[in-house]
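**Student:**
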Amino acid sequence: MKFELFHELLFKTGIVHLTVGHVVMWLIGFLFIFLAIKKDFEPLLLVPIGFSIFLINMPIAPLTGPGEIIRLFFQYGLETEIIPCLIFLGIGALTDFGPMIANPKTLLLGASAQLGVYVAFFGAIAFGFTITEAASIGIIGGADGPTTIYLSSALAPHMIGMVAVAAYSYMSMVPLIQPPIMKLLTTEKERKIRMKQLRPVSRLEKIIYPIVATIVIVLLTPAAAPLMGLFMIGNLFRECGVVERLLKTSQNELLNIVTIILGLAVGSTMKADVFLKPQPIFIFFLGLVAFAFSTVGGILLAKIMNLFLKEKINPLIGSAGVSAVPMAARVSQRVGQEADPKNHLLMHAMGPNVAGVIGTAVAAGMFLSLLKH
Amino acid sequence: MWIEATEVAIIGFTVVFLTLAILAVSVKVMSFSCRLYLKKYPLQKKEDKYEV
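The listed protein sequences derive, respectively, from chains P and U.
Residue numbering for the first sequence follows this note's numbering, starting at 184 and increasing by one per position.
Residue numbering for the second sequence follows this note's numbering, starting at 15 and increasing by one per position.
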């Protein structure tokens with residue numbers, strides 16, 4: 184009798200259900216936490232994602248079943264697409280569109296840096312993914328986590344975890360991925376191009392901008408409205424100067440709360456039986472291709488624009504057209520200063536950088552319009 | 015599937031470019047209008063109110 188009870192008790196522990204796959208996933212979770220703490224790679228996301236991977240790979244733990252805590256985060260946060268939109272509200276409240284308003288040409292760099300999205304889209308189809316899965320993989324090239332999650336939850340919900348992790352991993356590796364490509368595609372002389380200081384932008388322009396942008400973007404791409412609408416309302420909170428409390432909440436408490444839920448929900452999709460297959464390896468490879476081509480697209484358009492412009496632009500700011508705000512802009516600044524220590528490209532690169540956020544959301548909106556039936 | 019994918023990519027990339035190009039032109043027009051407006055009706059500084 185006692186032995187049976189002990190046997191039953193033993194069977195209710197996770198130890199007897201533990202598999203090699205679980206342990207491998209723990210190690211992947213620990214790697215994420217290590218990269219966040221030791222290397223400072225996107226710690227706000229990689230710490231909760233990493234711990235969530237570790238946690239949900241505890242055998243028979245009541246976490247991801249129907250009505251269980253992490254499942255509820257996923258169900259109500261990601262499946263309903265609420266969290267990516269709320270994150271956009273917070274990002275909007277943190278974004279200064281001034282450099283872009285001062286130099287609207289840089290919007291085109293944000294568009295050309297979506298090249299990688301479509302290259303990876305074709306690559307994914309060549310690897311045998313379906314067209315909706317390919318769109319979810321391609322959007323990694325936009326280097327925008329919330330948009331990637333938003334699109335995947337609509338087109339390929341089973342792949343959210345893999346594409347989100349790939350997107351955030353590559354976003355955190357922008358300083359490693361972009362510089363070699365930037366140096367390969369530009370000459371020393373081009374990297375030394377100094378750009379004229381940006382004009383000051385009035386408060387009136389900054390207040391009107393979110394309204395103008397919403398009209399243009401939502402009329403042309405209605406499917407991007409949830410992301411762009413909240414992005415722009417967050418920005419209006421910032422610029423109007425009369426809703427200090429809403430602004431602070433959007434920038435801090437709200438953004439932090441949804442980031443925690445996002446991290447836990449994304450990590451929860453990485454269960455051993457789903458993740459330990461060849462598919463994620465292809466996704467990571469295609470994500471890298473997408474990132475590289477997006478960088479190439481931005482730089483090449485900047486070089487083409489220089490053929491026609493009187494005042495040349497430094498092609499290095501083209502690479503900031505991948506979203507990854509503000510890391511991609513910082514990389515442009517750093518590579519520019521390696522060629523000329525007195526050259527300050529940061530503010531110039533912020534234009535294409537925020538344009539990239541808009542470009543990726545529009546690209547996602549187009550995928551939704553064309554592929555969501 | 016390749017034909018559909020090509021269509022999606024061409025339409026998608028074109029719309030992304032067009033949207034951002036139209037936005038760039040709109041921003042130019044907006045900035046120009048704002049500067050004209052501010053030239054005609056310069057915003058009163060807050061402290062002016064208290065100088066009376």
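Where a beta carbon is used, it is the ideal one built from N, C-alpha and C, also for glycine.
1) Starting from M345/P, trace the alpha helix (DSSP H) in both directions and tell me its first and last residue.
2) Identify whether I496/P lies in helix, strand or coil by the three-state DSSP scheme.
3) Say whether the region 428-436 of chain P touches the region 260-277 of chain P, bearing in mind that this needs 3 or more beta-carbon pairs closer than 8 Å, one atom from each stretch.
4) How long is the line joining the alpha carbons of T543/P and I314/P, rounded to whole angstroms?
5) At a Cβ threshold of 7 Å, is V508/P touching chain U?
6) A406/P and L551/P: beta carbons closer than 7 Å?
7) Taking only three categories from DSSP, how would you classify D62/U?
8) Alpha carbon to alpha carbon, what distance is there between I440/P and A294/P?
9) Is the shortest distance between the beta-carbon of F31/U and the beta-carbons of chain P less than 7 Å?
10) For my contact list, Y351/P and E225/P are in at a C-beta cut-off of 8 Å; report their separation, rounded to the angstrom.
11) For M208/P, name the three-state secondary structure that DSSP assigns.
12) Using the Cβ count rule (16 or more neighbours within 10 Å means buried), how would you classify S235/P?
13) To test your reading of the DSSP string, which unbroken alpha helix (DSSP H) runs of 4 or more residues are found completely within the region 422-453 of chain P?
14) Would you report the Cα separation of L50/U and V300/P, rounded to the nearest angstrom?
15) Which residues of chain P have a Cβ atom closer than 8 Å to the Cβ of K42/U, listed in chain order?
16) Just the C-alpha distance for A296/P and S477/P, rounded to the nearest angstrom, thanks.
17) What does I17/U touch in chain P if you count any residue whose Cβ is under 7 Å from its own?
18) Using 8 Å for Cβ pairs, my map puts A546/P next to G504/P. What's the rounded Cβ distance?
19) If you count every other CB in all the chains shown that lies within 10 Å of the CB of L192/P, and 16 or more means buried, which is it?
20) Find out if the Cβ-Cβ distance for the pair I376/P, N286/P is shorter than 7 Å.
21) For V384/P, which residues in the same chain have their Cβ closer than 6 Å to its Cβ, ignoring the five residues on either side in sequence?
22) Could you name the residues of the region 315-326 of chain P whose beta carbon sits closer than 8 Å to any beta carbon of chain U, in the order they occur along the chain?
23) Just the C-alpha distance for L447/P and I216/P, rounded to the nearest angstrom, thanks.
24) In three-state DSSP terms, what is V384/P?
25) Report the residue ranges of all alpha helix (DSSP H) runs contained in full by the region 229-269 of chain P; include only those spanning at least 4 residues, in chain order.
26) Go through its chain and collect everything with a Cβ distance to L334/P's Cβ below 8 Å, but skip five positions before and after it.
27) With N536/P as the anchor, note down where its alpha helix (DSSP H) starts and where it stops.
28) Check whether the region 245-254 of chain P touches the region 392-405 of chain P, taking contact to mean three or more Cβ pairs, one atom from each stretch, closer than 8 Å.
29) For Q297/P, decide whether its Cβ has a neighbour in chain U, counting only Cβ atoms nearer than 7 Å.
30) What is the DSSP secondary structure of P226/P, reduced to helix, strand or coil?
**Tutor:** Considering the structure as presented:
1) Per DSSP, the unbroken alpha helix (DSSP H) holding M345/P starts and ends at 343-355.
2) Correct three-state label for I496/P: coil.
3) Yes: the two stretches touch, three or more of their Cβ pairs being nearer than 8 Å.
4) Approximately 18 Å, taken between the alpha carbons.
5) With 7 Å as the cut-off, V508/P does not count as an interface residue toward chain U.
6) Note that the C-beta distance between A406/P and L551/P is below 7 Å.
7) Confidence is the limiting factor: at D62/U the pLDDT is only 46, short of 50, which leaves the residue's position unreliable, though a coordinate-based value still follows. Looking at D62/U - three-state DSSP - the assignment turns out to be helix.
8) Computed Cα separation, rounded: 31 Å.
9) Contacts with chain P at 7 Å (Cβ-Cβ) include F31/U.
10) Their Cβ separation, rounded to whole angstroms, is 6 Å, which keeps Y351/P and E225/P in contact under 8 Å.
11) Three-state DSSP puts M208/P in a helix.
12) Residue environment for S235/P: buried (at least 16 other C-beta atoms within 10 angstroms of its C-beta).
13) Within the region 422-453 of chain P, the runs of alpha helix (DSSP H) at least 4 residues long that lie entirely inside it are, in chain order, 427-434, 436-450.
14) Answer to the nearest angstrom: the Cα atoms are 40 Å apart.
15) Within chain P, the residues whose beta carbon sits less than 8 Å from that of K42/U are P287, listed in sequence order.
16) Distance between the alpha carbons of A296/P and S477/P: 4 Å.
17) For I17/U, there are no C-beta contacts with chain P under 7 Å, since the nearest C-beta of that chain is about 11 Å from it.
18) Here A546/P is actually not in contact with G504/P; their C-beta atoms are around 12 Å apart, not less than 8 Å.
19) A residue is called buried once 16 or more other Cβ atoms fall within 10 Å of its Cβ, and L192/P, having fewer, is exposed.
20) For the 7 Å CB-CB criterion, I376/P and N286/P do not form a contact.
21) Here the set comprises G281, I284, A285.
22) Listed by position, the residues of the region 315-326 of chain P near chain U (Cβ gap below 8 Å) are A317, A318.
23) Rounded to the nearest whole angstrom, the CA to CA distance from L447/P to I216/P is 13 Å.
24) Coil at V384/P, not helix or strand.
25) Here the runs fully enclosed are 252-256.
26) The residues are A318, S319, I322, A547, F550, L551.
27) It spans 529-554 - the alpha helix (DSSP H) in which N536/P sits, taken as one unbroken run.
28) No: fewer than three Cβ pairs fall under 8 Å.
29) By this cut-off, Q297/P is an interface position.
30) DSSP, read as helix, strand or coil, puts P226/P in helix.
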